[in-house]
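Below is one structure, written out as structure tokens; comments come after it.
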Amino acid sequence: MRFIGHPELEANDPFLEPWIDKVAGWIEEGRTPYVFLHTSDNRLAAELARRFHARLMQRLPGLPALPELYREPAAEQLGLL
């Protein structure tokens, strides 16, 4: 399932709700759905995915949490002089 979301994450909730039910149903049937969530510039795509998965975990309480994403530590910028 591919969903391209609105940059205001809360605005996606009513549109994601039917997909939460559909994906939960697929999981209950023993399927392994692949879900791709995007935002216009993908800057908030990971947060949208976390929101979707949190709602899916409410629907399927035994569903494991998503792993934490590795993030490079912020590099200190060197001065020019």
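Residue numbers (this note's numbering): 4 to 84. Ideal Cβ placement from N, Cα and C applies to all residues, glycine included.
Beta-carbon separation of residue i and residue j under 9 Å?
i, j, result
"L40", "F18", "no"
"P70", "L47", "no"
"V26", "M4", "yes"
"L63", "E31", "yes"
"G7", "T42", "The sequence given here places Ile at residue 7; Gly does not occur at that position. Their beta carbons are under 9 Å apart, which means I7 touches T42 by this criterion."
"R58", "D16", "yes"
For a test of the three-state rule: what should DSSP assign to residue i, helix, strand or coil?
i, result
"G8", "strand"
"L40", "strand"
"A48", "helix"
"P67", "coil"
"R53", "helix"
"E79", "coil"
"L59", "helix"
In terms of residues, what are the limits of the alpha helix (DSSP H) holding residue i?
i, result
"L19", "D16 to E31"
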